[in-house]
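Report on the structure given below.
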Amino acid sequence: MLNPFTRRADDARHWRHDAACFGEELDLFFPVGVAGPAVWQISQAKAICEDCPVRAQCLEYALRTGQDHGVWGGLTPQERRELRRADDARGA
Numbered sequence: 025m026l027n028p029f030t031r032r033a034d035d036a037r038h039w040r041h042d043a044a045c046f047g048e049e050l051d052l053f054f055p056v057g058v059a060g061p062a063v064w065q066i067s068q069a070k071a072i073c074e075d076c077p078v079r080a081q082c083l084e085y086a087l088r089t090g091q092d093h094g095v096w097g098g099l100t101p102q103e104r105r106e107l108r109r110a111d112d113a114r115g116a
């Protein structure tokens with residue numbers, strides 16, 4: 025999986041470098057499943073996202089690029105699908 029938080033030599037400063045999760049273990053943000061230990065992982069990931077200064081940019085990136093896995097911008101894949109459906113229903 026391509027790590028969106030890996031900095032390349034040609035990379036200009038990007039929102040992800042200001043993310044609260046920058047430097048955190050990425051597995052925390054990509055739990056396997058939605059039950060058992062994954063519930064704890066999701067809550068921990070969301071807690072990190074809660075006060076993130078670039079949360080909106082992260083969520084926008086996830087929605088724009090169709091991220092189907094992981095916690096992005098404080099939302100799970102299911103929550104992002106629901107957000108997209110609500111936006112579609114409003115005609116956004």
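Residues in the sequence shown are numbered from 25 upward in steps of one, following our numbering.
Here a beta-carbon is modelled for each residue, glycine too, at the ideal position from N, C-alpha and C.
Keep in mind it's a predicted model, so treat the numbers as computed, not measured.
- Secondary structure in the region 48 to 84: no beta strand (DSSP E) run of 3 residues or longer lies completely within the stretch.
- Within the DSSP secondary-structure output, L87 pairs in no beta bridge.
- Under DSSP, L99 shares a beta bridge with W96.
- R104 is the residue among P77, D75, R104 and C76 whose C-alpha sits nearest the C-alpha of T89.
- With fewer than 16 other Cβ atoms inside 10 Å of its own Cβ, W64 counts as exposed.
- Nearest in C-alpha terms to L99, of all of V56, G115, D112 and E84, is E84.
- Spatial neighbours of A59 in its own chain (CB-CB distance under 6 Å, excluding positions within 5 residues in sequence) are not present.
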